[in-house]
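Chains as they are written, first to last, in this note's numbering: chain A, 927 to 1222; chain B, 68 to 418. In this text, a Cβ means the ideal position worked out from N, Cα and C, and glycines have one as well.
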Amino acid sequence: MKRKLEVSELIFKILSHVLLIAFAICCLYPFLYAISAAISGIDAVEGGQLVLLPKDLQFEAFANMFNNNMFWNSYTNTLFITFYGTLWSMGTSILGAYALSKKRLLFRKTFNFFLVFTMWFSAGLVPQYLNYLNTQAVFRTFGITDDKWLVVIAMGMAAMNIILLRNAFEGVPAEIEEAAIVDGATEFQVLSRVYIPMSKSTIATVALFFALSRWNGYFWARQMISNLNEHPLQVFIRLKLEEFQDPDIMTGWNEAYAADSVIFALIVCSIIPVLIIYPFIQKYFAKGVNMGGVKE
Amino acid sequence: MKMKADDYLVYDAGTGTYKEDAEQLVRDDVEKHYWLNIARTVAKDWRLYLMLVPMILIFLFWRYFPMYELLGCFKVEDSVLDVADQLYAGFAYFKQLFGGSTLSTTFWAAFRNTFLLSFYGLCFGFPMPIIVALFFNEIRSNILRSVIQVITYLPKFMSTVVMTSLVTMLVRQASPLAGMEMGVISRFLVQLGLITQEAGNAGMLNNPGFFRAIYQISGIWEGAGYDSIVFFAAIIAISPTSYEAAQIDGAGKMAQMKYVVLPSILSTIVIMLINRIGSLLNVGYEKVLLLYNPNTYVTADVVSTFAQRYGITDGLVGVASAAEMLNNVMGMILVIAANTIARKASDVSLY
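1) State the Cα-Cα distance for the pair Ala1133 (chain A) and Leu1005 (chain A), rounded to the nearest angstrom.
2) According to the Cβ coordinates, are Thr372 (chain B) and Leu1167 (chain A) closer than 8 Å?
3) When burial is assigned at 16 or more other CB atoms within 10 Å of the CB, is Lys69 (chain B) buried or exposed?
4) Can you have a look at Glu1222 (chain A) and say buried or exposed, based on whether 16 or more other CB atoms are within 10 angstroms of its CB?
5) Using a 10 Å radius around the Cβ and a threshold of 16 neighbouring Cβ atoms, would you call Ile1129 (chain A) buried or exposed?
6) Can you tell me where the alpha helix (DSSP H) holding Leu1154 (chain A) begins and where it ends?
7) What does DSSP give as the partner residues of Tyr78 (chain B) in its beta bridges?
8) Between the C-alpha atoms of Ile1193 (chain A) and Ile1163 (chain A), what's the straight-line distance to the nearest angstrom?
9) Using only alpha-carbon positions, find the residue among A:Gln1160, A:Trp1179, A:Asn1057 and A:Asp982 that is nearest to Asn999 (chain A).
10) Is there contact here, the segment 200-211 of chain B with the segment 943-960 of chain A, by at least three beta-carbon pairs under 8 Å?
11) For the segment 289-307 of chain B and the segment 191-198 of chain B, state whether three or more C-beta atom pairs, one from each stretch, are separated by less than 8 Å.
12) Tell me whether Gly1110 (chain A), by its Cβ, gets closer than 7 Å to a heavy atom of the ligand SAM.
13) Going by C-alpha to C-alpha distance, which of A:Arg1140, A:Leu1041 and A:Leu1091 sits closest to Phe224 (chain B)?
14) Determine the DSSP secondary structure at Ile959 (chain A), reduced to helix, strand or coil.
15) Assess contact between the segment 378-392 of chain B and the segment 1042-1053 of chain A, defined as three or more Cβ pairs (one per stretch) separated by less than 8 Å. Is contact present?
16) Between the segment 1046-1080 of chain A and chain B, which residues of the former have CB atoms less than 9 Å from a CB of the latter, in chain order?
17) Roughly how many whole angstroms lie between the Cα atoms of Ile961 (chain A) and Lys1209 (chain A)?
18) Report the residue from B:Ala312, B:Ala390, B:Tyr282 and B:Ile315 whose alpha carbon sits nearest the alpha carbon of Leu358 (chain B).
19) Using beta carbons (cut-off 8 Å, strictly below), is Ala404 (chain B) in contact with chain A?
20) Pull the bridge partners of Tyr155 (chain B) from the DSSP assignment, please.
21) With DSSP collapsed to three states, give me the class of Met247 (chain B).
22) Check whether chain A comes within 8 Å of Glu248 (chain B), counting only Cβ atoms and requiring the distance to be less than that.
23) Where do the N-terminal and C-terminal ends of the alpha helix (DSSP H) with Gly267 (chain B) fall, by residue?
24) Quick one: is Thr82 (chain B) near chain A, going by C-beta distance under 8 Å?
25) Does any CB atom of chain B fall closer than 8 Å to the CB of Glu1142 (chain A)?
26) Give a yes or no on whether 8 Å exceeds the smallest Cβ distance from Ser309 (chain B) to chain A.
27) Quick check on Gly1219 (chain A) - is its C-beta less than 8 Å from some C-beta in chain B?
28) In the DSSP assignment, what are the bridge partners of Ser306 (chain B)?
29) So which residues on chain B does Arg1164 (chain A) lean against when the C-beta distance must stay under 9 Å?
30) Where do the ends of the alpha helix (DSSP H) carrying Gln975 (chain A) lie?
31) Comparing the C-beta of Thr1002 (chain A) with each C-beta of chain B, is any distance below 8 Å?
32) How long is the line joining the alpha carbons of Asn360 (chain B) and Phe992 (chain A), rounded to whole angstroms?
33) Helix, strand or coil for Ser1187 (chain A) per DSSP?
34) Establish whether the CB of Glu935 (chain A) and some CB of chain B are separated by less than 8 Å.
35) Looking only at its chain, what residues have a beta carbon closer than 8 Å to the beta carbon of Met884 (chain A), apart from the 5 residues adjacent to it on each side?
36) Looking at the C-beta of Gly974 (chain A), does it have a partner C-beta in chain B at a distance below 8 Å?
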């Protein structure tokens, strides 16, 4: 039997549909505008005629971007940092989380507190900065002059992610581990053949958290990477934006396309990889949020 | 476990005499060889402990060593010497922050802004995901709901730089010399009559009066969809029988909301709220840093950006660290208090 909707219910239903669709449009609009501004003519962009659809198509802003070596450089750097950074953070986190998930680990509580304390208290930007400078000096003495390695190795660790992994490992039944040990598996084999395959989805989620924060990382990369050629994409976008906010450059601008189009083109280029893989990964993030929300 | 004569002799009621306590001897033995036993256990299980090493080192080097650098707050600034070798200056930098200098005015303005940005976020940003989740629950079509969910989660995946660049471009100032109009959102707001033409032309990000609104609205734009996931998960976990029971009792839509949905997701709301209160002094400095400019320092400057400007850019390491330490210690107290309350109130703790 289908129940008839009451008036108040109907109003609420319609209202929620309308508002949600409006909100979705608001969420999407800046990106759509960015795409059309990137490919619209100078008059449309600067004269404020552009609302949503592109006008007087041009692709020179993109061409300008693609001909810029610095752009490709920064793109490669971002890929480098994301790949090695995720690998490094994941590797160390999985090992640490596995050890922490074992009840027989001595001083387990102390180690856990050691992690959790970093979520409560952070030394702050200035001490961190000084510390990174020291690290940089140490790296230099070892002959590592590429600051990308500093970003990869010293930054981006998150206690929360380790705790997510630890909780997942704790959920693996102890009998399976015992069976593996009886079969003669070493600790590392137990981890790689039993624990990792059995917590695949959490590992995927945490890896995505790490990868996204690496891809999006800006502040420390800007502070610590001195060589312009080693800047990641986010820093490149910001520097371009700051450059184009400069009134002198704006008045001296005499290209066939708007300066704004270049920024928008850059933004579009930087979000395209995320947009492409986003539909496939978003369910993992949704899962991660629910995992992180509450721990009994 | 201290050695006391009594510990070794126990009264034996059977024979009426005292005799040696065998267990105590074992306990003593264990105590004497405490570290040896630990070393034995670790050696037997060395692979497990080896696995901990990289993680511990990372946290030690890049989370705990900076805390050691915090000693700089109490020492005479000297860029040549290590923190350890500098002379103690006592609470000089803290006094500077509390004294009446211009620096202290700037600091307290920043402190106030930090609190206000979070507080407004709590007032306006916090209820939004709950409302969005309630709305999602009304959409019966799975396809439509999934599409809207995917779209509304999207902004969360953009970097702070992309997000702030978009905001900057969409509310940019007009520049008559270059023949440029103001940003599209500013234009839209002018047409709606929400801001004046002049304010739009001057650029909304240059106006301290707009900063907090821009910060909150962009925050909602970025997070409301994504943060609704937790609440939506709590809502769909409600058993349909609860609704049916309420309907049979004659509950309308609003009554169902009030008596079925809200009580069911209340624990989630409380946890998220406490979590939020705990991070009240912890503002995303990156976003502020990328959105503010000298014109808006009045309302936009937060403690982290204050520290970044004075400490990293101007090199006033001592004062800047002291400022952040003050903020972070208060923040930590808030987090711990919030977590304790959460544990007491609902048997769930965040960590």
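Reading off the structure:
1) Within the first sequence, numbered from 1, the residue matching residue 1133 (chain A) stands at position 207. Within the first sequence, numbered from 1, the residue matching residue 1005 (chain A) stands at position 79. Answer to the nearest angstrom: the Cα atoms are 15 Å apart.
2) Position 305 of the second sequence, counted from the first residue, corresponds to residue 372 (chain B). Position 241 of the first sequence, counted from the first residue, corresponds to residue 1167 (chain A). No. Outside cutoff.
3) Here the question's residue 69 (chain B) lines up with position 2 in the second sequence. Residue confidence for Lys69 (chain B) is low, a pLDDT of 44 falling below 50, so the modelled location carries little weight; the figure read from the coordinates is stated next. Counting other Cβ atoms within 10 Å of its Cβ, Lys69 (chain B) stays below 16 and is therefore classed as exposed.
4) Reading the first sequence from its first residue, position 296 is the one you call residue 1222 (chain A). Residue confidence for Glu1222 (chain A) is low, a pLDDT of 33 falling below 50, so the modelled location carries little weight and cannot support an answer.
5) The sequence position of residue 1129 (chain A) within the first sequence is 203, counting from 1. Buried, since its Cβ has 16 or more Cβ neighbours within 10 Å.
6) Here residue 1154 (chain A) corresponds to residue number 228 of the first sequence, with the count starting at 1. It is not in any alpha helix (DSSP H) - Leu1154 (chain A) carries neither H nor E in the DSSP assignment.
7) For this step, residue 78 (chain B) is matched to residue 11 along the second sequence. Looking at the DSSP assignment, Tyr78 (chain B) forms a beta bridge with B:Tyr85.
8) Mapped onto the first sequence, residue 1193 (chain A) falls at position 267. Mapped onto the first sequence, residue 1163 (chain A) falls at position 237. Cα to Cα, Ile1193 (chain A) sits roughly 7 Å from Ile1163 (chain A).
9) Stepping through the first sequence from its first residue, residue 999 (chain A) is reached at position 73. For the set A:Gln1160, A:Trp1179, A:Asn1057 and A:Asp982, the Cα lying nearest the Cα of Asn999 (chain A) is the one of A:Gln1160.
10) Because the criterion of three Cβ pairs below 8 Å is met, the segment 200-211 of chain B and the segment 943-960 of chain A touch.
11) Under the Cβ criterion (8 Å, minimum of three pairs), the segment 289-307 of chain B counts as touching the segment 191-198 of chain B.
12) As presented, the structure is devoid of all ligands, the ligand SAM included, so that no description of it is given.
13) In the second sequence, counting from the first residue as 1, residue 224 (chain B) sits at position 157. The residue with the shortest Cα to Cα distance from Phe224 (chain B) is A:Arg1140.
14) On the first sequence, position 33 is the one that residue 959 (chain A) refers to. According to the sequence displayed, residue 959 (chain A) carries Tyr and not Ile. The answer is helix: DSSP assigns Tyr959 (chain A) an H, G or I state.
15) Contact check between the segment 378-392 of chain B and the segment 1042-1053 of chain A: three or more CB pairs, one atom from each, fall below 8 Å, which counts as touching.
16) Of all residues in the segment 1046-1080 of chain A, those with a C-beta nearer than 9 Å to a C-beta of chain B are Trp1046, Phe1047, Ser1048, Ala1049, Gly1050, Leu1051, Val1052, Pro1053, Gln1054, Tyr1055, Leu1056, Asn1057, Tyr1058, Asn1060, Thr1061, Ile1079 and Ala1080, reading in chain order.
17) Here residue 961 (chain A) corresponds to residue number 35 of the first sequence, with the count starting at 1. Here residue 1209 (chain A) corresponds to residue number 283 of the first sequence, with the count starting at 1. Approximately 26 Å, taken between the alpha carbons.
18) By one-based count along the second sequence, residue 358 (chain B) stands at place 291. Of the listed residues, the one whose Cα sits closest to Leu358 (chain B) is B:Tyr282.
19) On the second sequence, residue 404 (chain B) is found 337 positions in, with the first residue counted as 1. Against chain A, the CB of Ala404 (chain B) has no partner CB under 8 Å away; the residue lies outside that interface.
20) As a first step, residue 155 (chain B) is located in the second sequence; it is residue number 88 there, counting from the start. Note: Tyr155 (chain B) sits in a beta bridge opposite B:Lys142.
21) The sequence position of residue 247 (chain B) within the second sequence is 180, counting from 1. Three-state DSSP puts Met247 (chain B) in a strand.
22) Translated into positions along the second sequence, residue 248 (chain B) becomes position 181. True, the Cβ-Cβ gap to chain A drops below 8 Å.
23) As a first step, residue 267 (chain B) is located in the second sequence; it is residue number 200 there, counting from the start. Looking at the DSSP string, the run of the alpha helix (DSSP H) that includes Gly267 (chain B) is Gln264 to Ala269.
24) Within the second sequence, residue 82 (chain B) is the residue found at index 15, counting from 1. Interface with chain A (8 Å Cβ-Cβ cutoff): Thr82 (chain B) is excluded.
25) Taking the first sequence and counting its residues from 1, one reaches residue 1142 (chain A) at position 216. The sequence shown places Asn at residue 1142 (chain A), rather than the Glu named in the question. So, interface residue.
26) Against the second sequence, residue 309 (chain B) aligns to sequence position 242. No, because no Cβ of chain A sits closer than 8 Å to the Cβ of Ser309 (chain B).
27) In the first sequence, the residue the question calls residue 1219 (chain A) occupies position 293. Residue placement at Gly1219 (chain A) cannot be trusted, given a pLDDT of 44 that sits under 50; what the coordinates show is reported in the next sentence. For Gly1219 (chain A), the answer is yes, since a Cβ of chain B falls inside 8 Å of its Cβ.
28) Residue mapping note: residue 306 (chain B) aligns to position 239 of the second sequence, counting from 1. Its beta-bridge partners do not exist; DSSP assigns none.
29) As a first step, residue 1164 (chain A) is located in the first sequence; it is residue number 238 there, counting from the start. What Arg1164 (chain A) touches in chain B: Val228, Thr231, Ser232 and Leu357.
30) In the first sequence, counting from the first residue as 1, residue 975 (chain A) sits at position 49. First-last for Gln975 (chain A): undefined, no H or E at that position.
31) Here residue 1002 (chain A) is taken as the residue at index 76 of the first sequence, counted from 1. Judged by the 8 Å Cβ criterion, Thr1002 (chain A) is not in contact with chain B.
32) Indexing the second sequence from 1 puts residue 360 (chain B) at position 293. Indexing the first sequence from 1 puts residue 992 (chain A) at position 66. Going from the Cα of Asn360 (chain B) to the Cα of Phe992 (chain A) covers about 30 Å.
33) The residue given as residue 1187 (chain A) occupies position 261 in the first sequence. Residue state, collapsed to three classes: helix.
34) Your numbering for residue 935 (chain A) matches position 9 in the first sequence. Output row for Glu935 (chain A): interface = yes.
35) Residue 884 (chain A) falls outside the range modelled here, since chain A spans only 927 to 1222, and no answer is possible.
36) Walking along the first sequence from the start, residue 974 (chain A) turns up at place 48. At least one CB atom of chain B sits nearer than 8 Å to the CB of Gly974 (chain A).
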